[in-house]
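Input: a single structure, listed below in structure tokens.
In full-length UniProt numbering, the protein residues as written are 1 to 267.
As structure tokens, this is what we get:
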């Protein structure tokens with residue numbers, strides 16, 4: 001999938017767009033070359049001022065730093081993809097009711113303690129091999145393809161729904177791959193999008209009651225409150241990076257620490 005280039009500001013969220021979907025669309029627009037370009041957003045990020053002339057200016061000032069942080073997180077994950085948790089896929093089907101680029105995935109029942117168990121909000125790659133290097137994410141017969149875990153199998157850990165960055169050719173992988181002698185397909189954990197999506201929603205005014213808080217912050221005597229929110233956002237970035245390190249270190253630790261039901265409100 002070709003690159004759409006650096007992020008362009010969107011003043012308003014389109015009516016009907018799911019909460020948090022804009023950030024997912026942006027991540028999906030990056031080619032593998034974009035992800036591996038560590039300077040992709042370097043020139044776009046400007047220092048955040050202490051005073052703002054409008055609510056819109058305040059909100060927009062955090063967007064590009066958040067995008068850059070999201071890009072850095074994915075860049076870091078792909079550099080260490082050889083250590084990423086993986087799981088073999090048994091089947092891929094179009095979700096019902098049918099929705100463009102949404103797929104239901106079933107896993108091979110055989111697994112060990114190090115097998116990947118997808119969680120809502122995970123960003124994953126779909127590959128033909130268990131990746132040993134970055135190039136394995138983009139092979140001649142299997143171009144770079146990523147997905148967002150939209151629904152995990154709460155009652156059945158062997159299934160999940162994802163939104164894919166582009167169409168999956170079902171003819172290649174079939175319904176029951178092992179019976180049709182199809183090529184192998186694996187899901188590979190890259191990163192969790194939960195924290196950054198929640199920040200994105202706040203900045204895009206997609207959280208109920210958020211604008212009342214922001215408007216109060218922008219009063220003339222609000223310098224201390226602005227710095228407090230700045231500290232809070234950077235704390236989120238720190239926590240996000242810590243969770244990523246923890247997840248990749250022991251594979252399953254953060255899935256138990258995150259309140260999954262609470263986070264599902266944003267997508």
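Quick reminder that beta carbons are idealized off the backbone N, C-alpha and C, glycines included. None of the values given here were measured: they were computed from a predicted structure.
Helix or strand or just coil, what does DSSP make of residue 58?
helix
Cα separation between residue 63 and residue 34?
18 Å
So for residue 104, helix, strand or coil by DSSP?
strand
Is the region 77-86 touching the region 122-132 in the sense that three or more CB pairs, one from each, lie closer than 8 Å?
yes
Can you give me the C-alpha to C-alpha distance between residue 79 and residue 37, rounded to a whole angstrom?
12 Å
Determine the DSSP secondary structure at residue 164, reduced to helix, strand or coil.
Residue 164 falls in the strand class under three-state DSSP.
Cβ distance (whole Å) where residue 90 is taken to contact residue 108 below 8 Å
5 Å
How far does the beta strand (DSSP E) with residue 133 in it extend, from its first residue to its last?
It is not in any beta strand (DSSP E) - residue 133 carries neither H nor E in the DSSP assignment.
Three-state secondary structure (DSSP) of residue 22:
helix
Is the region 115-127 in contact with the region 180-195, if contact means three or more CB pairs nearer than 8 Å?
yes
Is the beta carbon of residue 77 less than 8 Å from the beta carbon of residue 191?
yes
Rounded to the nearest angstrom, what separates residue 257 and residue 119 at their Cα positions?
Any reading at residue 257 must be qualified, since the residue scores a pLDDT of 40, below 50, and its modelled position is unreliable; no value is offered.
Can you look up residue 115 in the DSSP assignment and give me helix, strand or coil?
coil
Simplified DSSP assignment, three categories, for residue 80:
coil
Same chain only: Cβ atoms within 6 Å of residue 70, ignoring 5 sequence neighbours per side:
196
Distance check for residue 27 and residue 40, CA to CA, integer angstroms please.
12 Å
Which word fits residue 65, buried or exposed, when buried means at least 16 other C-beta atoms lie within 10 angstroms of its C-beta?
buried
Closest by CA to residue 116, which one among 149, 46, 93?
Minimum Cα distance to residue 116 is reached at 149.
Among 139, 143, 74, nearest to residue 23 - alpha-carbon criterion:
74
Could you tell me the distance, in whole angstroms, from the CA atom of residue 82 to the CA atom of residue 54?
Rounded to the nearest angstrom, the gap between the Cα atoms of residue 82 and residue 54 is 46 Å.
Using C-beta distances below 8 Å, list every residue in its chain close to residue 48, excluding the 5 sequence neighbours before and after it, in chain order.
Cβ within range, chain order: 61, 62, 65, 230.
In the DSSP assignment, the beta strand (DSSP E) including residue 202 goes from what residue to what residue?
Premise fails: residue 202 lies in the alpha helix (DSSP H), 194-203, not in any beta strand (DSSP E).
To the nearest angstrom, how far is it from the Cα of residue 162 to the Cα of residue 58?
33 Å
According to DSSP, what are the bridge partners of residue 142?
139
Along the chain, where does the beta strand (DSSP E) containing residue 36 start, and where does it finish?
Note, residue 36: premise wrong, no beta strand (DSSP E); not H, not E.
On the criterion of 16 or more Cβ atoms from any shown chain inside 10 Å, does residue 92 qualify as buried, or is it exposed?
It is buried - the Cβ of residue 92 has at least 16 other Cβ atoms within 10 Å.
Assigned secondary structure, residue 121 (DSSP; H/G/I helix, E/B strand, else coil):
coil
What span of residues does the beta strand (DSSP E) with residue 91 cover, start to end?
86-94
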